[in-house]
Each structure stands twice: as structure tokens, then as C-alpha cells.
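Structure first, commentary second.
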Amino acid sequence: MKVAVWYGDKNIVLEDRPIPSIGEKDVLVRVKSSSICGADLHAYKGLSKRRKPPLVMGHEFSGMVERLGDETKGLKVGDRVVVEPIISCGKCKACKKGKTNVCENRKLIGLNLDGAFAEYVSVPYEKCHELPRDLSFDEGAIIEPLAVAVHAVNITPISSNDNVLIIGSGVIGLLITQLLRSRTSGDILVTGRRDYLLEKAREFGATDAINVIDCDAVKTLLKKHGRVDVVFEAVGSNETVNQSISLVESGGSITLVGMLDREMTVDMMEVVAREITLRGDYGYTTDDFKEAIELASSGKVDLKGLITHVLPLDEIKKGFDILAERRENVIKVVINP
Ligand SMILES: [Zn+2]
Ligand SMILES: [Zn+2]
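9 is the number of the first residue of the sequence shown in my numbering; add one for each residue after it.
Here's what the structure looks like:
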């Protein structure tokens with residue numbers, strides 16, 4: 009089978025490998041669509057500490073069941089599936105509390121295990137969810153980032169008239185924007201650095217979307233809208249975390265979705281004395297993943313509007329380069345192996 013192997017930096021090579029063998033509880037999935045994630049791009053740019061070459065990346069994907077292990081249940085050859093790529097142990101304290109997203113022994117397909125920039129992937133059968141008929145394989149490949157957004161919103165208390173700010177107009181920021189439409193009648197504000205993405209944010213329900221590339225984000229927001237009740241920080245830089253603290257109301261909360269800077273300097277006096285809640289956020293549970301499928305299938309969330317490029321596996325390097333250089337108003341690149 010054809011596989012795209014990442015050898016570090018911008019070196020992605022197409023290779024021929026044997027089709028993976030499967031265990032008794034595994035399913036061989038023929039990948040139909042696999043999306044390039046910001047985290048994959050980060051590795052491609054040589055900035056990732058978590059992804060170690062050589063690696064087959066790709067954790068956002070859908071496909072068809074090609075072969076089944078003897079102990080799998082509820083699936084048959086030819087089924088359309090979307091794969092939940094976080095594999096948790098089910099035994100640790102976090103798993104026992106239902107927080108499988110922060111399982112101590114978790115593995116991610118495309119990070120610790122070979123991923124979906126390949127024609128076939130072997131996955132545990134429990135991680136295969138039916139892809140509803142009304143969703144295309146390409147939309148199926150965007151379910152995973154939608155699950156990330158669903159989880160972030162689910163763990164964040166939001167009242168029906170709260171004003172909310174989303175810092176970052178990338179894919180996750182845009183998905184959170186869509187989800188908030190049904191959660192609050194208050195302001196849904198988005199800040200970002202690219203006009204075409206902010207335009208999308210407006211299309212998806214932002215009541216205001218502000219380009220902060222040439223201005224002081226805090227001053228601009230305070231002047232125009234004042235402080236907000238809830239912030240979703242979807243960048244992860246020290247600068248934007250500090251913006252979140254400055255822009256949230258006393259007693260308000262900040263959900264930290266982005267991951268960029270490991271160490272930060274923040275004004276903890278502000279956090280303590282204004283009773284601001286800083287909330288960590290990671291991945292999603294199986295329930296969040298199922299909710300994401302349901303939301304996409306019922307048309308409450310538009311995934312198609314995020315897909316700007318569809319390329320064959322042979323052109324995966326081009327896909328990464330388009331994203332790295334932010335060409336052609338790119339949002340999501342999906343690969344069809
Ligand atoms: Zn991802
Ligand atoms: Zn666990």
C-alpha cells in the first residue's frame with residue numbers, strides 16, 4: 009500500500025509498505041479521506057516536540073471497513089466509518105472517572121501509532137463509528153476537530169446570554185463559533201490575523217470578527233465591546249493567554265484550547281484577585297465524538313465550508329506546503345488516498 013512517511017522537517021516521502029496486519033479486536037480501514045491537522049503542520053514545520061520521525065501522521069479520517077478481526081462486534085465489511093483516534097486504557101484513574109481524553113496511557117493514531125496518511129490503517133473496532141449517509145468521507149475527516157470543539161464547549165459553563173470571545177480563527181476557533189450560536193444570544197466575538205478566516209467566522213455566526221494583526225487586541229476589544237463572560241483561547245501563545253485574562257470579566261472563565269507555548273508569564277494576581285477560572289482542555293471523550301457526528305449529520309454544524317482543498321495522497325507534500333505558506337485562502341486540506 010501507499011504510505012506518506014514523515015522523516016522530520018519538511019521531508020515527506022511516499023513509500024510502498026505491506027498492508028498492516030490486524031489483531032483479533034482490530035479492523036482494517038481503507039482510508040477514504042484524511043485531513044491535515046494543525047498539529048501535523050506544526051511537526052512538518054519542525055516545531056513539534058510530541059511527534060517524532062519517522063512517522064505516518066494523520067489522525068482525522070474516515071474510510072471503509074476492509075477486513076475484521078475475529079473478536080470485533082457490530083461492524084461488517086464495506087461499512088462507512090469515522091475513526092476516533094484517541095485510544096485510552098480503560099484502567100487508569102482518569103479512565104475510571106470517564107475522562108478518557110486525559111488517560112495516562114493514551115495513544116493517538118498518527119502520533120504514537122501509524123496514522124491515516126496511508127491507504128490502510130489498523131484500528132481497534134471500538135474506535136470505529138458509523139459515518140451517516142448524509143455525510144461525505146471528506147466531512148467525516150473533519151469530525152475529529154469538531155469533537156475537539158464540542159468537548160471545549162461542553163466543559164465550559166455558558167449562560168444563555170453570556171458574551172463570549174474566541175481568540176483564534178483557525179479550524180477549532182471556527183468550529184467553536186458555530187457551536188456557540190445555539191448556546192448564547194450574547195455577543196460571539198472572534199479575533200484573528202487573517203481576513204478570509206474572519207469572514208468565515210462571521211458567516212458561521214460571529215457577531216463581530218476583528219483582525220488584530222495591526223492593533224492592540226486588548227485596547228481594541230475593550231473599547232468596542234468591553235469585557236466578556238467567557239473566553240475560548242484557541243491559539244495557545246503567552247500573548248493570547250494574557251489577552252484572555254485582560255478581556256474576561258471578574259468571575260469569568262477562560263477555556264484553554266490552544267497549545268503553543270509551554271512556559272508562560274501570566275499575571276496571577278489578576279487571576280486570583282478577580283476570581284478568573286483558567287480551564288485546561290484536551291481532546292474529547294467518546295460521548296463528545298458521537299455528539300460531533302450527530303451535530304454534523306443533522307446539519308447544525310457546517311463542515312463542508314471548512315474544506316478548501318482536496319488532494320490525492322501523491323500530492324500530500326503540496327497540501328502541507330499550501331498550509332505552511334497559508335496560500336490560496338486555505339482552511340482545511342483533506343487527502344484522498
Ligand atoms: Zn487534529
Ligand atoms: Zn486510562
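Beta carbons: idealized from backbone N, C-alpha and C, even for Gly.
Between V89 and G71, the gap from beta carbon to beta carbon is short of 8 Å. Taking Y290 as the centre and dropping the five residues before and after it, the same chain places the C-beta of N109, V110 closer than 7 Å to its C-beta, in chain order.
Nearest Cα to I253 within the set M267, S96, E278: E278. Linking L206 to V309 through their CA atoms gives a straight-line distance of about 17 Å.
Within the same chain, and ignoring the five residues on either side of V220 in sequence, the residues whose Cβ sits closer than 6 Å to its Cβ are T199. Following the DSSP letters along the chain, one finds E257 inside the beta strand (DSSP E) bounded by residues 256-264.
Not a single heavy atom of ligand 2 lies less than 7 Å from the C-beta of N109. Taking C-alpha positions only, E336 is separated from A281 by approximately 45 Å.
Burial state of S190 is exposed, judged by a 10 Å Cβ sphere holding fewer than 16 other Cβ atoms. Of I166, K33, C100, P153, the smallest CA-CA separation from S130 is found for K33. The C-alpha of G46 lies about 8 Å from the C-alpha of V179. Judged by pairs of C-beta atoms under 8 Å, the stretch 287-305 touches the stretch 148-155, as three or more such pairs exist. For N162, the enclosing alpha helix (DSSP H) stretches over residues 151-162.
Around the beta carbon of G234, fewer than 16 other beta carbons sit within 10 angstroms, so the residue counts as exposed.
In the three-state scheme derived from DSSP, where H, G and I count as helix and E and B as strand, D216 is classed as strand. Checking the 7 Å criterion, the Cβ of E112 is within range of a heavy atom belonging to ligand 2.
DSSP links T248 through a beta bridge to no other residue. For secondary structure counted as the beta strand (DSSP E) over 3 or more consecutive residues, the stretch 179-230 holds these complete runs in sequence order: 196-200, 216-219. Look at N344 here: in three-state DSSP terms it is strand. Taking the C-beta atoms as reference points, P165 is found no nearer than 8 Å to S258. For G98, the Cβ falls inside the 7 Å cut-off from some heavy atom of ligand 2.
Distance check between Y128 and each of K57, C103, K53, S42 places S42 closest, using alpha-carbon atoms only.
8 Å or more divides the Cβ of I324 from the Cβ of A51. In the three-state scheme derived from DSSP, where H, G and I count as helix and E and B as strand, E147 is classed as helix. Linking W14 to D224 through their CA atoms gives a straight-line distance of about 38 Å.
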